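What follows is a short report on a single structure.
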Ligand SMILES: Cc1cc2nc3c(=O)[nH]c(=O)nc-3n(C[C@H](O)[C@H](O)[C@H](O)COP(=O)(O)OP(=O)(O)OC[C@H]3O[C@@H](n4cnc5c(N)ncnc54)[C@H](O)[C@@H]3O)c2cc1C
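In the working numbering, the protein residues as written are 4 to 511.
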């Protein structure tokens with residue numbers, strides 16, 4: 004394993020370059036990244052999940068540098084408007100609820116208290132929800148057993164600027180960058196594995212391992228190796244998006260994304276430092292591009308500062324993300340609509356998978372198969388989580404929403420729903436980006452309740468639980484009120500004065 008070629012200079016390509024440069028720093032592997040400025044990148048993607056913190060730490064990008072360099076803001080979760088029914092709203096926080104009692108999970112205790120007649124709202128037991136309701140933000144308390152400590156957070160950011168930050172890290176670690184269009188892929192006659200890439204300038208680029216980050220082009224994994232694409236549009240019918248940025252607004256800075264269910268899909272609103280990202284993800288069978296654009300423009304929170312950007316996609320994944328000596332990441336490997344901001348996360352999870360199964364000497368088909376099993380689970384778990392948002396909705400007002408009423412679910416999702424409905428079972432699954440509490444949020448928000456709780460609730464002192472519940476709720480409300488407004492937090496820590504230009508934020 005002496006050389007790697009990464010194809011693509013979008014978020015996926017530069018994530019791979021920065022990560023593999025760190026991973027292989029002691030092995031002397033030569034890493035080259037080829038991209039074409041003439042082709043460009045997708046240029047949307049502004050929200051993340053907490054795992055990005057682990058990735059940034061691994062590649063050596065501090066939170067301060069990341070936030071100021073990518074015009075970032077903090078994200079406690081997503082507010083889902085009009086999803087359960089028209090006029091409804093719930094919040095998906097990155098964090099748990101309440102505290103376990105005598106080692107029995109909080110939601111079982113809450114359900115038992117409900118059975119005993121208490122009217123309780125799970126959301127009242129989450130600090131990120133309480134902070135989000137008043138546009139406040141603070142980082143978790145270091146004591147993660149406290150209800151003020153048990154939550155995570157992510158970011159909103161400009162993915163183009165993020166890619167530039169990763170490019171600087173990768174290049175300073177020795178990654179070579181070539182700007183040229185790839186016009187051919189030559190394969191070994193013996194086994195069909197990729198031998199070299201042919202560039203428009205006539206150069207030939209050979210390597211042991213190729214990482215395909217060529218976006219929807221899927222130049223290597225799709226076009227050259229013909230790895231089939233599994234189509235998931237029968238569950239996730241949205242196949243288009245229109246995105247347009249608008250001017251930043253003064254005043255409140257929400258520390259969350261808003262995802263609003265619309266007639267033929269849903270819209271996003273993402274507050275960055277320098278703009279608000281807006282988009283409408285829709286099904287082209289139910290609305291055309293012109294009407295979707297009009298709908299989006301009519302609902303902007305501030306004047307547009309760019310032209311509408313139209314994107315097409317098909318929900319699905321490659322049958323194997325690792326085929327022969329090629330690993331596909333990002334849009335080349337598959338796409339799940341950005342309802343839970345998971346694409347860049349999947350790039351990072353794909354890189355973790357590649358590192359865990361990276362060959363020491365030669366490629367072993369068993370290693371490749373194991374990596375493919377894990378990454379398939381990563382993608383299918385996210386797919387199932389997204390399908391749940393549509394399937395569990397009671398909306399019935401348009402043909403788009405009615406199609407989900409009779410939809411048959413993937414078995415893996417039916418199994419999960421069944422185990423929750425039977426007894427509130429929420430154990431974490433293998434390779435799941437979303438923790439049990441995220442699934443709990445969805446089940447609760449959409450009114451799916453277990454037929455019975457874990458039988459251990461029969462052994463605990465429910466009088467003590469019922470006395471403690473109002474205290475936890477009050478502690479969370481007090482904790483949230485003490486947090487600064489998100490806008491103040493940003494101004495205090497990330498204003499131009501707080502961080503002089505060209506100076507590392509760690510030094511500042
Ligand atoms: C509507 C929409 C909203 C999204 N929102 C989010 C979000 O909120 N959060 C999130 O995490 N993700 C989001 N994503 C996904 C995110 O934008 C992408 O996953 C991410 O940017 C990675 O893209 P990429 O690097 O795979 O592909 P691209 O950005 O398309 O990059 C492809 C690269 O390949 C190169 N290339 C292609 N063909 C050739 C060739 N022949 N020769 C040389 N080079 C070539 C190009 O030059 C380019 O550098 C969203 C995506 C869409 C469509």
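Ideal Cβ placement from N, Cα and C applies to all residues, glycine included.
None of these values were measured; they are calculated from a predicted model.
For this session: Pick out whichever of 143, 107, 126, 53 has its Cα sitting closest to the Cα of residue 136.
Result: By one-based count along the chain shown, residue 136 stands at place 133. Selected option, being the one with the closest Cα: 126.
Exercise. Cβ-heavy atom distance between residue 216 and ligand 1 below 7 Å?
Worked result: Here residue 216 refers to the residue found at position 213 of the chain shown. Yes, the Cβ of residue 216 comes within 7 Å of a heavy atom of ligand 1.
For this session: Please state whether DSSP places residue 247 in a helix, a strand or coil.
Result: Reading the chain shown from its first residue, position 244 is the one you call residue 247. Residue 247: strand per DSSP, three-state reduction.
Exercise. At what residues does the beta strand (DSSP E) containing residue 158 begin and finish?
Worked result: As a working mapping, residue 158 is identified with position 155 in the chain shown. 157 to 159 is the extent of the beta strand (DSSP E) around residue 158.
Exercise. Where does residue 288 sit, in a helix, a strand or coil, going by DSSP?
Worked result: As a working note, residue 288 is residue 285 in the chain shown. If DSSP states are grouped into helix, strand and coil, residue 288 belongs with coil.
Exercise. Whole-angstrom Cβ separation of residue 247 and residue 307, contact assumed at under 8 Å?
Worked result: Looking up residue 247 in the chain shown gives position 244. Looking up residue 307 in the chain shown gives position 304. With 8 Å as the limit, residue 247 and residue 307 qualify as a contact, their Cβ atoms being about 5 Å apart.
Problem set entry | Beta carbon proximity, residue 56 to chain C, threshold 8 Å | Absent here is chain C; the protein component of the structure consists of one chain.
Problem set entry | Per DSSP, the bridge partner or partners of residue 184 | One-based indexing of the chain shown puts residue 184 at position 181. Paired residues: none, contrary to the question.
Exercise. What residues are listed by DSSP as bridge partners for residue 7?
Worked result: As a working mapping, residue 7 is identified with position 4 in the chain shown. Looking at the DSSP assignment, residue 7 forms a beta bridge with 34, 212.
Exercise. In terms of residues, what are the limits of the beta strand (DSSP E) holding residue 273?
Worked result: On the chain shown, residue 273 is found 270 positions in, with the first residue counted as 1. Segment 268 to 274, the beta strand (DSSP E) holding residue 273.
Exercise. Using the rule of at least 16 other Cβ atoms within 10 Å of the residue's Cβ for burial, across every protein chain shown, is residue 274 buried or exposed?
Worked result: Translated into positions along the chain shown, residue 274 becomes position 271. The residue in question, residue 274, is buried, as its Cβ has 16 or more Cβ neighbours within 10 Å.
For this session: Classify residue 142 as buried or exposed, calling it buried when 16 or more other Cβ atoms lie within 10 Å of its own Cβ.
Result: Within the chain shown, the letter at position 139 stands for residue 142. Result: exposed.
Exercise. Going straight from the alpha carbon of residue 162 to that of residue 299, what length do you get?
Worked result: By one-based count along the chain shown, residue 162 stands at place 159. By one-based count along the chain shown, residue 299 stands at place 296. Their backbone Cα atoms lie some 21 Å apart in a straight line.
Exercise. When the Cα atoms are used, what is the spatial distance from residue 503 to residue 72?
Worked result: Locating residue 503 in the chain shown gives position 500, counting from the first residue. Locating residue 72 in the chain shown gives position 69, counting from the first residue. Its pLDDT being 44, under 50, residue 503 is placed unreliably by the model, and nothing is read from it.
Problem set entry | Secondary structure, beta strand (DSSP E): runs of 3+ residues fully inside the stretch 327 to 411 | 329 to 331
Exercise. Counting pairs of Cβ atoms below 8 Å between the stretch 356 to 365 and the stretch 31 to 44, do you hit three or more?
Worked result: no
Problem set entry | Sequence-distant residues of the same chain with beta carbon closer than 8 Å to residue 373, five excluded per side | The residue labelled residue 373 in the question sits at position 370 within the chain shown. Within the same chain, residue 373 has close Cβ partners 360.
Exercise. To the nearest whole angstrom, what separates the beta carbons of residue 138 and residue 255, a pair I think is in contact under 8 Å?
Worked result: Working through the chain shown from its first residue, we reach residue 138 at position 135. Working through the chain shown from its first residue, we reach residue 255 at position 252. Yes, residue 138 and residue 255 are in contact; Cβ-Cβ is about 5 Å, under 8 Å.
Exercise. Measuring CA to CA, which of 179, 460, 376, 493 is closest to residue 253?
Worked result: Counting from one through the chain shown, the residue named residue 253 turns up at place 250. The residue with the shortest Cα to Cα distance from residue 253 is 493.
For this session: Would you list the one or two residues that DSSP bridges to residue 320?
Result: Taking the chain shown and counting its residues from 1, the one referred to as residue 320 is at position 317. Its beta-bridge partners are 233, 337.
Problem set entry | beta-carbon residue 13 near ligand 1 non-hydrogen atom, thresh 7 Å | By one-based count along the chain shown, residue 13 stands at place 10. Yes, the beta carbon of residue 13 sits closer than 7 Å to at least one heavy atom of ligand 1.
For this session: Hey, could you find the ends of the alpha helix (DSSP H) residue 174 is sitting in?
Result: Counting from 1 along the chain shown, the entry for residue 174 is found at position 171. 162 to 175 is the span of the alpha helix (DSSP H), which, as asked, contains residue 174.
For this session: Under 8 Å by Cβ, that's how I've got residue 169 and residue 395 pegged, so tell me the actual separation to the nearest angstrom.
Result: In the chain shown, residue 169 corresponds to position 166, counting from 1. In the chain shown, residue 395 corresponds to position 392, counting from 1. Contact doesn't hold; Cβ gap of about 36 Å is too wide.
For this session: Kindly indicate which three-state DSSP category residue 457 falls into: helix, strand or coil?
Result: By 1-based counting over the chain shown, the position of residue 457 is 454. It is coil, neither helix nor strand.
Exercise. Grouping DSSP H, G and I as helix and E and B as strand, with all else coil, what is residue 105?
Worked result: Counting from one through the chain shown, the residue named residue 105 turns up at place 102. In this structure, residue 105 counts as coil in the three-state DSSP scheme.
Exercise. When you compare each of 391, 418, 419, 416 to residue 407 by their alpha carbons, which one comes out closest?
Worked result: The sequence position of residue 407 within the chain shown is 404, counting from 1. Measuring from the Cα of residue 407, the nearest candidate turns out to be 391.
For this session: Please find out if some non-hydrogen atom of ligand 1 comes closer than 7 Å to the beta-carbon of residue 44.
Result: Counting from one through the chain shown, the residue named residue 44 turns up at place 41. Yes, ligand 1 has a heavy atom inside 7 Å of this Cβ.
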